[in-house]
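Residue numbering for the sequence shown follows the working numbering, beginning at 23 and increasing consecutively.
Built from N, CA and C at the ideal position, the CB exists for glycine as well.
Model, not experiment: these values are computed from the prediction.
Here's the structure we're looking at; comments come further down.
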Amino acid sequence: MVLLAGMTARGAYLWKQFNNFKHRKLGFMQMLTQNLYFKNLDNNAGVFYRLLNDAEEEECKEALLAYYILLTSLRALKCAELDCAIEQWMPVNCQCEIDY
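Below you can see the structure in the form of structure tokens.
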């Protein structure tokens with residue numbers, strides 16, 4: 023009877039340890055799956071959508087900058103003059119060099 027009680031206690035302990043291991047492994051696998059999913063969102067078509075969106079934003083910024091320079095200019099500017107005006111305006115106001 024004592025031997026049976028000892029084996030039952032040992033079996034219960036091993037079962038508890040095994041369940042703890044399974045639970046911890048499941049938690050790690052879930053965390054890994056979530057991390058991989060969120061890091062994989064910009065894959066395939068997502069990359070193209072992101073590149074197109076970024077390019078569209080840059081075009082919009084360039085158009086707004088050109089509009090501002092033309093609006094504040096005292097005279098009408100040609101393309102080359104606009105380019106030079108923007109390239110001179112950026113270092114003074116934004117502390118950055120660009121090739122417009």
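Beta-carbon spacing of residue i, residue j below 8 Å
{"i": "I108", "j": "A88", "result": "yes"}
{"i": "M112", "j": "C118", "result": "yes"}
Cβ-Cβ separation, residue j to residue i (assumed contact under 8 Å), whole Å
{"i": "L92", "j": "L99", "result": "6 Å"}
Inter-residue Cα distance where the pair is residue i and residue j
{"i": "F21", "j": "F60", "result": "This structure leaves residue 21 out entirely; the chain is present only between 23 and 122."}
{"i": "N42", "j": "N66", "result": "38 Å"}
{"i": "M53", "j": "Y71", "result": "27 Å"}
{"i": "K83", "j": "K44", "result": "53 Å"}
{"i": "E104", "j": "Q110", "result": "Sequence check: residue 104 is Leu here, not Glu. Taking the straight line from one Cα to the other gives about 10 Å."}
{"i": "L73", "j": "A34", "result": "57 Å"}
{"i": "W37", "j": "E78", "result": "59 Å"}
{"i": "L26", "j": "R46", "result": "30 Å"}
{"i": "N57", "j": "N75", "result": "24 Å"}
Spatially closest choice to residue i from the options, by CA coordinates
{"i": "C101", "options": "K83, Y122 and E81", "result": "Y122"}
{"i": "N115", "options": "Y90, G49, G28 and G33", "result": "Y90"}
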